[in-house]
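Enquirer: Quick note, the numbering used here runs 1 ahead of the 1-based positions in the sequence shown. Have a look at the structure that comes next, please.
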Amino acid sequence: MPKNKNAVIRYHVLDRCFRNTGRSYYIEDLIDEINKVLMDIDPNLTVSKRQVLDDIRFMESSEGWSAEIERLRDGRRVYYRYTDPSFSINNVPLRQDEINKINAAIGVLRRFEGMPQFDWVYEIIPLLQEKLGLITAMDKPAVGFDFNPDLKGLEFLGTLFNAILNRVVLRVTYKRFGDESANVFHYHPYYLKEYNNRWFAIGLNHNEQVVNWVIALDRIEQIEETSTPYEENDTDWQEYFYDLVGVTRPSDVKPENITLLFSKQRAPYVVTKPLHASQRHRFVNDELEVRLKVIPNNELLALLLSFCPDIEVIEPKWLRKKFAALLNQALQKNRN
């Protein structure tokens, strides 16, 4: 379909005109009808004769709606009309590629099975399938997602999601690993992020007055909605997490240039699945040199350790020493 943001508007205006048997629409009339609608959106918008003719050809094509459009002569002039006045582009069955895409989207929605407050997903899926004529005998699944519905804390995902959308402050009872007792605080959630099959929320801890307080959903014991006024935050959270591997952002730490060396055997995996969006790599002899620019954190170290023994940390020197220290600790624990 033509990548024009006004194309859909033009098609629907033409569809309305072609279905109207009470009036003859010449090319000038079609242009006028489209321009009336476009100028309501933006007074500077207009459509050319060539564009309208291209639109008609597209509607007639198999890539469009295979519409049968007559060109009826009135002296030297020609007006346009559907051969079948009951035809409409709104009534044309979906193409197979469209059906495949919708089914794939429904498959993604089904990942939320069993999550509280996402019951609406299971109400809308059958409705979509019925209205769009997608109800067929179920085949074997073709896609498997790395998703564990029994993961602790998922029952809070819907509450946090709705709190972000509706700007609701939550009273959270939270127990970190190693703590003897839980901590209770008022939380203004701003963003949800999944990493390594765990879900995290980031928001304002009202008690500590920290705006980028990250909590793991599997450490939450209880959540309650409150009437406390919600404090807005205009942070671009996707940008906030861009320089990170994982979710932990140490305070007052800037991105660093990190150089790694991978073995020939591991190189193809690192090339095809980059460690981070900033990754740049090149082959040096038989090894792969990888350069990253990220904020070092515990998640980065855990990722690097997962590549042992096929990895060498080159720069920065402090990270190389810390990496070596972790390996020595593991070696000591695993000696016979």
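For glycine and all other residues, C-beta sits at the position ideal for the given N, C-alpha and C. Since the model is a prediction, treat every value here as computed from it, not as a measurement.
Tell me, to the nearest whole angstrom, how far the beta carbon of Tyr-81 is from that of Glu-69; I am working on the premise that it is less than 8 angstroms.
Expert: About 11 angstroms separates the two Cβ atoms, so there is no contact after all.
Enquirer: Of all the options Leu-245, Leu-54 and Tyr-12, which has the alpha carbon lying nearest to the alpha carbon of Tyr-27?
Expert: Selected option, being the one with the closest Cα: Leu-54.
Enquirer: Should the stretch 182-194 be regarded as contacting the stretch 225-241, the criterion being three or more beta carbon pairs within less than 8 angstroms?
Expert: Cβ pair count under 8 angstroms is three or more, so yes.
Enquirer: List the whole-angstrom C-beta distance separating Lys-294 from Pro-256, where the pair is believed to meet the contact cut-off of C-beta under 8 angstroms.
Expert: Lys-294 to Pro-256, Cβ: 5 angstroms. Contact.
Enquirer: Let me confirm a value: Ile-216 is counted as buried when at least 16 other C-beta atoms fall within 10 Å, else exposed. Which label applies?
Expert: Looking at its Cβ environment, which holds 16 or more other Cβ atoms inside 10 Å, Ile-216 is buried.
Enquirer: By DSSP, does Leu-247 sit in helix, in strand, or in coil?
Expert: According to the sequence displayed, residue 247 carries Gly and not Leu. Looking at Gly-247 - three-state DSSP - the assignment turns out to be coil, as it is neither helix nor strand.
Enquirer: Rounded to whole angstroms, how far is the Cβ of Val-169 from the Cβ of Glu-222, which I believe are closer than 8 angstroms?
Expert: That belief does not hold up - the Cβ atoms of Val-169 and Glu-222 are roughly 19 angstroms apart, past 8 angstroms.
Enquirer: Count the other CB atoms, across all protein chains shown, that sit within 10 Å of the CB of Gly-23; report buried if there are 16 or more and exposed otherwise.
Expert: Its Cβ having fewer than 16 others within 10 Å, Gly-23 is exposed.
Enquirer: Taking the alpha-carbon positions, what's the Ser-49 to Leu-31 distance?
Expert: Distance between the alpha carbons of Ser-49 and Leu-31: 10 angstroms.
Enquirer: Determine contact between the stretch 199-209 and the stretch 176-191, defined as no fewer than three beta-carbon pairs at a distance below 8 angstroms.
Expert: Short answer: they touch.
Enquirer: CA-CA distance, Phe-178 and Arg-220?
Expert: Distance between the alpha carbons of Phe-178 and Arg-220 is about 8 angstroms.
Enquirer: For Gln-280 and Tyr-175, what's the separation of their Cα atoms in angstroms?
Expert: For Gln-280 and Tyr-175, the distance between alpha carbons rounds to 35 angstroms.
Enquirer: What is the rounded straight-line gap between the Cα of Asn-329 and the Cα of Leu-161?
Expert: Going by the C-alpha atoms only, they are around 41 angstroms apart.
Enquirer: To the nearest whole angstrom, what separates the beta carbons of Leu-261 and Ile-296, a pair I think is in contact under 8 angstroms?
Expert: Going by Cβ atoms, the distance from Leu-261 to Ile-296 rounds to 16 angstroms, so no, they are not a contact pair.
Enquirer: Using the rule of at least 16 other Cβ atoms within 10 Å of the residue's Cβ for burial, across every protein chain shown, is Arg-11 buried or exposed?
Expert: Result: buried.
Enquirer: Would you kindly check if the distance between the Cβ of Val-38 and the Cβ of Val-14 is under 7 angstroms?
Expert: A contact, by the Cβ cut-off of 7 angstroms.
Enquirer: Considering only residues of the stretch 28-90, which uninterrupted beta strand (DSSP E) runs meet the minimum length of 3 residues and lie entirely inside it, listed in chain order?
Expert: Counting only runs of 3 or more, we get 70-75 and 78-83.
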